[in-house]
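Engineer: Sharing a structure with you now.
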Amino acid sequence: MADARTSSLPDILRDAGLYALVAFGLCIPIVAYRTNAGPTGLELTPRWPLVAAFCAAIFVLRVVQRLILARRDARRALTPSPAQATEAVQGEPDAGQRVSTFGLYAFLGIALTLPVIASLASGGLGPARYWIDLGILILTYVMLGWGLNIVVGLAGLLDLGYVAFYAVGAYCYALLSTTFGLSFWVCLPLAGLFAAAWGMVLGFPVLRLRGDYLAIVTLAFGEIIRLVLINWTDLTGGAAGISSIPRASFFGIPFSADEDGFAARFGLEFDSMHRVVFLYYLILGLALLTNFATLRLRRMPIGRAWEALREDEIACRSLGIDTTTTKLTAFALGAAFAGFAGSFFSVRQGFISPESFTFLESAIILAIVVLGGMGSQVGVAIAAVAMVGGPELLRNLGFLSAVFGEGFDPNEYRLLLFGLAMVAMMVWRPRGLISVRVPSVSLGERRAISGAHVSEGHG
Amino acid sequence: MDVFLQQLINGLTLGSIYGLIAIGYTMVFGIIGMVNFAHGDVFMVSSFIALIAFLILTAWLGISSVALALLIVLVLAMALTALWGWAIERVAYRPLRGSFRLAPLISAIGVSIFLSNFVQVTQGARNKSTPPMLEGGIALMQSEGYTVFLSYKQVLIMTVTAVLLTGFWYLVQRTPFGRAQRACEQDRKMAALLGIDVDRTISLTFVLGAALAAVAGVLYLLYYGVVSFSDGFVPGVKAFTAAVLGGIGSLPGAVLGGLIIGLIEVFWSAYFSIEYKDVAAFSILAIVLIFMPSGILGRAEVEKV
Amino acid sequence: MTVLTPANPKTAERIAVGRDAVLSVVHLTMRFGGLTAVNDLSFEARAGDITALIGPNGAGKTTVFNCITGFYKPTEGMLRLAHADGTVHLLERLPNFAVNRTARVARTFQNIRLFPGMTVLENLLVAQHKPLMRASGFTVLGLLGLAGYRSAETAAIDTAKGWLDRIGLMDRADDPAGALPYGAQRRLEIARAMCTDPVLLCLDEPAAGLNPRESAELNALLRYIRDAHHTSVLLIEHDMSVVMQISDHVVVLDYGCKIADGTPDQVRADPKVVAAYLGVEDEEVERVEAEVGISHGEAGA
Numbered sequence: 001m002a003d004a005r006t007s008s009l010p011d012i013l014r015d016a017g018l019y020a021l022v023a024f025g026l027c028i029p030i031v032a033y034r035t036n037a038g039p040t041g042l043e044l045t046p047r048w049p050l051v052a053a054f055c056a057a058i059f060v061l062r063v064v065q066r067l068i069l070a071r072r073d074a075r076r077a078l079t080p081s082p083a084q085a086t087e088a089v090q091g092e093p094d095a096g097q098r099v100s101t102f103g104l105y106a107f108l109g110i111a112l113t114l115p116v117i118a119s120l121a122s123g124g125l126g127p128a129r130y131w132i133d134l135g136i137l138i139l140t141y142v143m144l145g146w147g148l149n150i151v152v153g154l155a156g157l158l159d160l161g162y163v164a165f166y167a168v169g170a171y172c173y174a175l176l177s178t179t180f181g182l183s184f185w186v187c188l189p190l191a192g193l194f195a196a197a198w199g200m201v202l203g204f205p206v207l208r209l210r211g212d213y214l215a216i217v218t219l220a221f222g223e224i225i226r227l228v229l230i231n232w233t234d235l236t237g238g239a240a241g242i243s244s245i246p247r248a249s250f251f252g253i254p255f256s257a258d259e260d261g262f263a264a265r266f267g268l269e270f271d272s273m274h275r276v277v278f279l280y281y282l283i284l285g286l287a288l289l290t291n292f293a294t295l296r297l298r299r300m301p302i303g304r305a306w307e308a309l310r311e312d313e314i315a316c317r318s319l320g321i322d323t324t325t326t327k328l329t330a331f332a333l334g335a336a337f338a339g340f341a342g343s344f345f346s347v348r349q350g351f352i353s354p355e356s357f358t359f360l361e362s363a364i365i366l367a368i369v370v371l372g373g374m375g376s377q378v379g380v381a382i383a384a385v386a387m388v389g390g391p392e393l394l395r396n397l398g399f400l401s402a403v404f405g406e407g408f409d410p411n412e413y414r415l416l417l418f419g420l421a422m423v424a425m426m427v428w429r430p431r432g433l434i435s436v437r438v439p440s441v442s443l444g445e446r447r448a449i450s451g452a453h454v455s456e457g458h459g
Numbered sequence: 001m002d003v004f005l006q007q008l009i010n011g012l013t014l015g016s017i018y019g020l021i022a023i024g025y026t027m028v029f030g031i032i033g034m035v036n037f038a039h040g041d042v043f044m045v046s047s048f049i050a051l052i053a054f055l056i057l058t059a060w061l062g063i064s065s066v067a068l069a070l071l072i073v074l075v076l077a078m079a080l081t082a083l084w085g086w087a088i089e090r091v092a093y094r095p096l097r098g099s100f101r102l103a104p105l106i107s108a109i110g111v112s113i114f115l116s117n118f119v120q121v122t123q124g125a126r127n128k129s130t131p132p133m134l135e136g137g138i139a140l141m142q143s144e145g146y147t148v149f150l151s152y153k154q155v156l157i158m159t160v161t162a163v164l165l166t167g168f169w170y171l172v173q174r175t176p177f178g179r180a181q182r183a184c185e186q187d188r189k190m191a192a193l194l195g196i197d198v199d200r201t202i203s204l205t206f207v208l209g210a211a212l213a214a215v216a217g218v219l220y221l222l223y224y225g226v227v228s229f230s231d232g233f234v235p236g237v238k239a240f241t242a243a244v245l246g247g248i249g250s251l252p253g254a255v256l257g258g259l260i261i262g263l264i265e266v267f268w269s270a271y272f273s274i275e276y277k278d279v280a281a282f283s284i285l286a287i288v289l290i291f292m293p294s295g296i297l298g299r300a301e302v303e304k305v
Numbered sequence: 001m002t003v004l005t006p007a008n009p010k011t012a013e014r015i016a017v018g019r020d021a022v023l024s025v026v027h028l029t030m031r032f033g034g035l036t037a038v039n040d041l042s043f044e045a046r047a048g049d050i051t052a053l054i055g056p057n058g059a060g061k062t063t064v065f066n067c068i069t070g071f072y073k074p075t076e077g078m079l080r081l082a083h084a085d086g087t088v089h090l091l092e093r094l095p096n097f098a099v100n101r102t103a104r105v106a107r108t109f110q111n112i113r114l115f116p117g118m119t120v121l122e123n124l125l126v127a128q129h130k131p132l133m134r135a136s137g138f139t140v141l142g143l144l145g146l147a148g149y150r151s152a153e154t155a156a157i158d159t160a161k162g163w164l165d166r167i168g169l170m171d172r173a174d175d176p177a178g179a180l181p182y183g184a185q186r187r188l189e190i191a192r193a194m195c196t197d198p199v200l201l202c203l204d205e206p207a208a209g210l211n212p213r214e215s216a217e218l219n220a221l222l223r224y225i226r227d228a229h230h231t232s233v234l235l236i237e238h239d240m241s242v243v244m245q246i247s248d249h250v251v252v253l254d255y256g257c258k259i260a261d262g263t264p265d266q267v268r269a270d271p272k273v274v275a276a277y278l279g280v281e282d283e284e285v286e287r288v289e290a291e292v293g294i295s296h297g298e299a300g301a
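Chains as they are written, first to last, in the UniProt record's numbering: chain G, 1 to 459; chain H, 1 to 305; chain W, 1 to 301.
Written as structure tokens, this is what we have:
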């Protein structure tokens, strides 16, 4: 491709033309023809206008990009450079820190009052159900993101099989409650312990591997667990999963309409939304517990050892830190939080199947951590809201259907955007949205460290 | 014995396909030290390209000669998939040189998610099956009601693989590109100082890897006659397993690993349990990475302090 | 062993205190495939001494270090480390991290290995992992916020402050280590190693890349470590001014074998060392001789 420095108009047009040509090549035949099942086998539907629109879009985008890049300062700010890993990503670290603290309180405030706001805005608990359900979904991912953040963000270990521990937690509650009738509150810690134990068992042999091999092995373990869940029909119900899992109770009091129910005991009128609101606060509590534990651990020797491990494993060993044990604790703790989240998932859904625990789910959680800024709690929360809540919100915007035609569902494009966002993040902001690190201890005023100095894992 | 022979044939066929994909992994790993996670999805894209090209040729242009159609499909798929390989490297990996070590892997996962969902959005989520392309075969042995059958498809797959691998071997061992490629593998900085265009060599490596994956994609479609947007992941992981088993970075290792993985998968399905065949493949991956990360033909790595 | 003429008066006092070996390297051999990097090497580093390991490039010095500090498992040989209380550790049998944790051998690296994204203070606290972990009840008690951990952390911070004061980085305590100038990073790495409370401190080219003033500061720091902390020091160094001024004992390696062993004065007069070190080029000979402070006439003495 032509160099970005020469920027006469014909040059730019030629370069953009080249981009469009490549886009054209990539579009045939996958975009140009759609295969549909017809009466006599597959039939092809040509879609050349779409290809043309696509290439035109690429052409225009490239011209715009080149015109912006023609300005020297813009070029310096936007051009991804190989040296970027050692360059300051965020000019003013203190500003970043302010966003971090402010962001966490803002998130906490909104999260705590969401059911109230939603019911006031939509006129009653019932109509607010959509918002509260969405809140539960987002918070589940926030919790998973925070859990994985311990492993990836703090300890610098790329775990591609995180969802396996989520599955262990979910099946743990589902099996214990359906076969032994144990209550959710007994199962919740058990699920966490069980997932942590699995984390140790799987982690122990693999944690001495180099970063990318570790990632692939964790992926393999994740898939093995899922395949076993599918095929061990006697225990897990196979692909059909486990249904009619007991619902959550209010610390032993069921959410039912009868006399012993939650509403009657507390003198309220029965409303099926009580359970949903309770679930909402339950996952909020679990997520905050994850966050609290992480923030606390960061200031303890073990947390510092995790971060040191991310920075330089060899130096850690020279300082007498048992890197295997240290990695294992990070791995097991991350797994335990996934186990908690898993048992919440199964008590909320009342039904689980291996379908919910695919590699893609691991990748989504990882994407949230990566986009948010590895190691940053606020960043992860923002990323979870944006990536999980964003497409949901887009779906309700009427004008999108008007532009893209009836039946347009942004959710279909969600994963497409996830993938693109992951690449874009790695290219332009490898440290994520919030890239500053707050020191765990300081003599003077606590100042944030620009992401430029922080490592992302020894690899 | 007959069952064994039949499974041997099936295993070698499957192994050829894995071997072709594994070369892409092993070359990219050799030259820039990254696990190109998206390679399996590039393979899947090539299958779709082949599928559509085949439909156009037979249904619309009315080409009745299967051999001619297959040849055109093969060339088309290789060219277009190579373009994908080139574009992916240019957009998603090249800007990351010099970034932290896990960045290319995360980016590759992003590309993988993008590719499979791109195909899902543009082609729909259903399985796509082709009309039968190449039927018939040779009965090798017949005894006690069991026929050992070598289908023409299998002959074609093994022949194409063998021919291409020979050509490829020549390319890497005997041409200036091959020399540049091996030089970059040894020491990229030094190669650049000696006047080798490193970026171009890496691009070409991706292009070649993608073209071989395209061959695998065409053969896969021919063999199974069905493809879906999610078909890149599992064959991709198996081919990566093959590359690791053979010794990542080693080309003969990749082919050897592919054949071994193909054979293990087929025999496992035949003699143990077909449900757990993927478990077997993933377990091999984990075991090899944990206990013999340098594989059969690879070199051991010494930790630099 | 021949009777030593001490390089400075202080050494004479300490010789009277104790002559025990803190580290004995016995028949150490390290092979990588067909390459023998270290061949049947034996030497001793005595308690309270600064022992220098010198030799031309590729002599195997860093390999010896990596064996001592547990990064490589020696092919053959024994590495015996004795504490003042008489306990003995065989370093070649310990896992990597235990060389520091139980045998109390600390090291620095040729290419500095700080935790660049963590602050200077955090770097020094990570080094005090063992006592802090114990005080935090292996995290469990610390999570509950018990006072025992808090006072242990205060003590750790005080230790760190002491070292920061010593290396002149007090005002940079809250800056990321990666932002420090090169010389300061070197000093910080030494302070970090000292925070693990070692009996033997191994320094891999501590003076590399330092200017003369920084070099002099380093000498003072190493003397302070030896005299005030009673920590023995083993160092690899190319800078002859450092080696000759501060070391009590010099071991010379060439091609993985020991070719000389003695006081700085003995070693620099050894014709084998001159030959190995200076090779045949006259210019080089003169330059290094000037560096070690001998005029041409005395070279053979």
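Glycine included, each C-beta is placed from N, C-alpha and C at the ideal position. Being a predicted model, the structure only gives us computed values, none of them experimental.
What do you reckon, are the CB atoms on G199/G and L160/G nearer than 8 Å?
Structural biologist: no
Engineer: Is the CB-CB distance between L200/W and L234/W below 8 Å?
Structural biologist: yes
Engineer: Are the beta-carbon atoms of D197/W and P56/W separated by less than 8 Å?
Structural biologist: no
Engineer: Please list, in chain order, all residues of the same chain as R317/G whose beta carbon is under 8 Å from its beta carbon, the five residues on each side excluded.
Structural biologist: T323
Engineer: Can you give the Cα-Cα distance for F107/G and Y130/G, rounded to whole angstroms?
Structural biologist: 19 Å
Engineer: Is the separation between the beta-carbon of S107/H and that of M422/G shorter than 8 Å?
Structural biologist: yes
Engineer: Quick one: list the residues of chain G neighbouring F206/H, beta-carbon separation under 9 Å, in chain order.
Structural biologist: Simply none; closest approach about 14 Å.
Engineer: Run down chain W in chain order and give the residues with a C-beta less than 8 Å from the C-beta of R317/G.
Structural biologist: G70, F71, N96, F97, N100
Engineer: Nearest to F345/G by alpha carbon, out of L393/G, G303/G, A174/G, L360/G?
Structural biologist: A174/G
Engineer: Taking the alpha helix (DSSP H) that C195/W falls in, what are its first and last residues?
Structural biologist: Counting along the chain, C195/W falls outside any alpha helix (DSSP H), and DSSP gives it neither H nor E.
Engineer: Given a threshold of 16 other Cβ atoms within 10 Å of its Cβ, counted over all protein chains shown, does T113/G qualify as buried or as exposed?
Structural biologist: Per the 10 Å Cβ criterion, exposed.
Engineer: If V63/G and I12/G are in contact, beta carbons under 8 Å, what's the gap, nearest whole angstrom?
Structural biologist: 6 Å
Engineer: What is the residue span of the alpha helix (DSSP H) that T327/G lies within?
Structural biologist: Looking at the sequence provided, one finds Lys at residue 327/G rather than Thr. It spans 323-349 - the alpha helix (DSSP H) in which K327/G sits, taken as one unbroken run.
Engineer: Give the secondary structure of R429/G by DSSP, where H, G and I count as helix, E and B as strand, and everything else as coil.
Structural biologist: Reduced to three states, the DSSP call for R429/G is coil.
Engineer: For a contact meaning CB atoms closer than 9 Å, what does A310/G contact in chain H?
Structural biologist: First, the residue type needs correcting, since residue 310/G is Arg and not Ala in the sequence shown. Correct list: empty, because the minimum Cβ distance to chain H is about 10 Å.
Engineer: For I17/H, which residues from the same chain have a beta carbon less than 6 Å from its beta carbon, with the 5 sequence-adjacent residues on both sides left out?
Structural biologist: A216, L219, Y220
Engineer: Name the chain G residues that come within less than 9 Å of K232/W, Cβ to Cβ?
Structural biologist: Sequence inspection shows Ser at residue 232/W; the Lys mentioned does not correspond to that position. Residues of chain G passing the Cβ test: none, with the nearest at roughly 17 Å.
Engineer: Confirm, please, whether the CB-CB distance from R304/G to G117/W is below 8 Å.
Structural biologist: Not in contact: G117/W and R304/G (Cβ atoms no closer than 8 Å).
Engineer: Looking only at C-alpha atoms, which of E122/W, F97/W, T75/W, I54/W sits nearest to T36/W?
Structural biologist: T75/W
Engineer: Within a Cβ cutoff of 6 Å, which residues of the same chain sit near G183/W, ignoring the five residues on either side of it in sequence?
Structural biologist: L210, E214
Engineer: With DSSP as the reference, label G55/W as helix, strand or coil.
Structural biologist: G55/W: coil per DSSP, three-state reduction.
Engineer: Relative to the C-alpha of residue 460/G, which residue among L229/G, I230/G, G237/G, T178/G is closest?
Structural biologist: Here chain G covers residues 1 to 459 and nothing more, so residue 460/G does not appear.
Engineer: In the segment 237-276 of chain H, which residue ranges form an unbroken beta strand (DSSP E) of at least 3 residues, counting only runs that do not cross its ends?
Structural biologist: none
Engineer: Taking C-beta pairs closer than 7 Å, name the residues in chain W that L443/G reaches, listed in chain order.
Structural biologist: L121, A173, D174
Engineer: Per DSSP, what kind of secondary structure is L235/W in: helix, strand or coil?
Structural biologist: strand
Engineer: Could you pull the DSSP bridge partners for E43/G from this structure?
Structural biologist: For E43/G, which the question treats as bridged, DSSP gives the partners N36/G.
Engineer: Taking Cβ-Cβ distances shorter than 9 Å, what residues in chain W pair up with A305/G?
Structural biologist: V126, H129, M133
Engineer: Taking 8 Å as the CB-CB cut-off, is G372/G touching chain H?
Structural biologist: Output row for G372/G: interface = no.
Engineer: Flag F194/G as yes if its beta-carbon sits less than 8 Å from any beta-carbon of chain H, otherwise no.
Structural biologist: No, F194/G lies away from the interface with chain H (no Cβ there is under 8 Å from its Cβ).
Engineer: Could you list which residues in chain H have their beta carbon closer than 7 Å to that of E412/G, in chain order?
Structural biologist: V121
Engineer: Alpha carbon to alpha carbon, how far is L279/G from S343/G?
Structural biologist: The alpha-carbon separation between L279/G and S343/G amounts to approximately 12 Å.
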